[in-house]
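Engineer: After the structure tokens below, expect a handful of questions from me.
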Amino acid sequence: MSPNAAYGLRVAFAGGNGYPPEDFGGVQSSTHDMALRLLARGGVPAVLAPLYGDGAFGLAARARLKLGRAKTVEDDRAGYPVHRAWHPD
58 MSPNAAYGLR
68 VAFAGGNGYP
78 PEDFGGVQSS
88 THDMALRLLA
98 RGGVPAVLAP
108 LYGDGAFGLA
118 ARARLKLGRA
128 KTVEDDRAGY
138 PVHRAWHPD
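As structure tokens, this is what we get:
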């Protein structure tokens, strides 16, 4: 595969597990690695994960959901968009 083979390719990674900084593990680490590799090749990754709502990050995300009346809250601290929802069905 050439270095630019993924240019413009949009990939959404969706799962039932939480995502950093709320949850850490093998699934999250592998997803993050694949998203970074896709970015490096010109792709456009995004992640859809459940929101746990715990800790400082979770409380801030809960407040943004309630105040903004949105169905998801987005952050890009991983270097790509991560969308979180209570029930990401």
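Going by the numbering used here, the sequence shown wraps up at 146, each residue one higher than the last.
Quick reminder that beta carbons are idealized off the backbone N, C-alpha and C, glycines included.
Here the structure is a predicted model, which means the values were calculated and not measured.
Have a look at the DSSP bridge pairing and note the partners of Leu105.
Structural biologist: DSSP, once it has assigned bridges, lists Ala71 and His140 as partnering Leu105.
Engineer: Taking Asp90 as part of the alpha helix (DSSP H), name the residues at either end of that continuous run.
Structural biologist: Start and end: Gly83 to Ala97.
Engineer: Among the candidates Tyr137, Pro102, Asp90 and Leu108, whose CA atom is the shortest distance from the CA of His144?
Structural biologist: The shortest Cα separation from His144 among Tyr137, Pro102, Asp90 and Leu108 belongs to Leu108.
Engineer: Could you name the residues of the same chain whose beta carbon sits closer than 8 Å to that of Asn74, not counting the 5 residues immediately before and after it, in chain order?
Structural biologist: Within the same chain, Asn74 has close Cβ partners Asp80, Gly82, Val84, Gln85, Ala106 and Pro107.
Engineer: Which whole-angstrom value is the C-beta distance of Arg98 and Tyr64, which I expect to be below 8 Å?
Structural biologist: Arg98 to Tyr64, Cβ: 7 Å. Contact.
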